[in-house]
Amino acid sequence: MAPPTHVYLAGIGNSLPAHWQYRWHAADPGGVWVEHASWDEPVRTDWVADLDAALRAVTGPKLLVAHSLGCATVVEWAAEHADPGIVGALLVAAPDPHGPAFPADATGFDRPSPAPLPFRTLLVASRDDPYAAFGYAEATAAALGAELVDVGALGHVNAASGLDDWPQGRDLLARLLPPGA
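Be aware that the sequence shown starts at -17, since it is given in this note's numbering, and climbs by one per residue.
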């Protein structure tokens, strides 16, 4: 099997140069960054359509690398679409759309109960993420059929967490690669 194309989905505000996700993409010449018309006022239908268009443009196997609202976008996309080329997803710091810190400018990301994802998924959660209680991550991982990865107290697992290139995350991503990729 050919190595999968990494498809990166950032959260609200986008991932900037100090963010591990931005760094990974910058070092990944074949990777695809899902772009959005509005990074600060995301609308579910638009973000899902952007992801779907990006996936349709990639041939061969794909591995999703999502952070924050990008995780919610993957879940929302999977509720209405399918792509047999997706071999896995790394969902990092999924926010609770019903939680008190969820951005008010993000609309439509409030699916009451997500369905199991049809591809191998690791849901990475921090014990002190301001956007989601750890219990939310546990329940979401179970609902998605995902493996929950507890990374301890890393905040929102973003640039403010001081992770630089985040080697632990790269190890997790490698776990999702199919044999021979």
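No residue lacks a Cβ here, since even glycine has one placed at the ideal position from N, Cα and C. Because the structure is a prediction, the values reported are computed rather than measured.
Using CA atoms only, rank isn't needed, just tell me which of the options is closest to residue i.
i	options	result
A54	V131, Y113, V14 and A39	Y113
D78	D153, Q3 and T89	T89
W15	D92, P24, A39 and A0	A39
P96	Y118, F84 and P85	Y118
D92	F101, P100 and P82	P82
G(-7)	R152, A9 and V139	V139
V133	A121, A86 and D110	D110
H49	V131, D10, R157 and N(-4)	N(-4)
W148	A(-16), H7, D32 and E58	H7
A36	D22, E23, A61 and V56	V56
A31	D10, A61 and M(-17)	A61
D252	P85, A156, G162 and E129	Nothing can be reported for residue 252, as the shown portion of the chain is limited to -17 through 163.
A9	D65, H(-12), A76 and P161	H(-12)
Taking the beta strand (DSSP E) that residue i belongs to, which residues open and close that run?
i	result
Y4	Careful: Y4 lies outside any beta strand (DSSP E), inside the alpha helix (DSSP H) at W2 to A8.
E129	E129 to D132
Thinking residue i and residue j are a contact (beta carbons under 8 Å), I'd like their distance in whole angstroms, please.
i	j	result
T41	G70	Going by Cβ atoms, the distance from T41 to G70 rounds to 17 Å, so no, they are not a contact pair.
L105	L73	5 Å
G192	P98	Since the first residue shown for the chain is -17 and the last is 163, residue 192 is missing from the structure and cannot be characterised.
P(-14)	P43	4 Å
A135	E129	20 Å between Cβ atoms; not a contact.
Using beta-carbon positions only, say whether residue i and residue j come within less than 9 Å of one another.
i	j	result
Y(-10)	G52	yes
S108	G137	yes
D28	H18	yes
L45	L159	yes
D87	P24	yes
Just reading off the alpha helix (DSSP H) that residue i is part of, what are its end residues?
i	result
T122	F116 to L126
With a threshold of 8 Å, are at least 3 pairs of Cβ atoms found where one atom belongs to the segment 137 to 144 and the other to the segment -5 to 6?
yes
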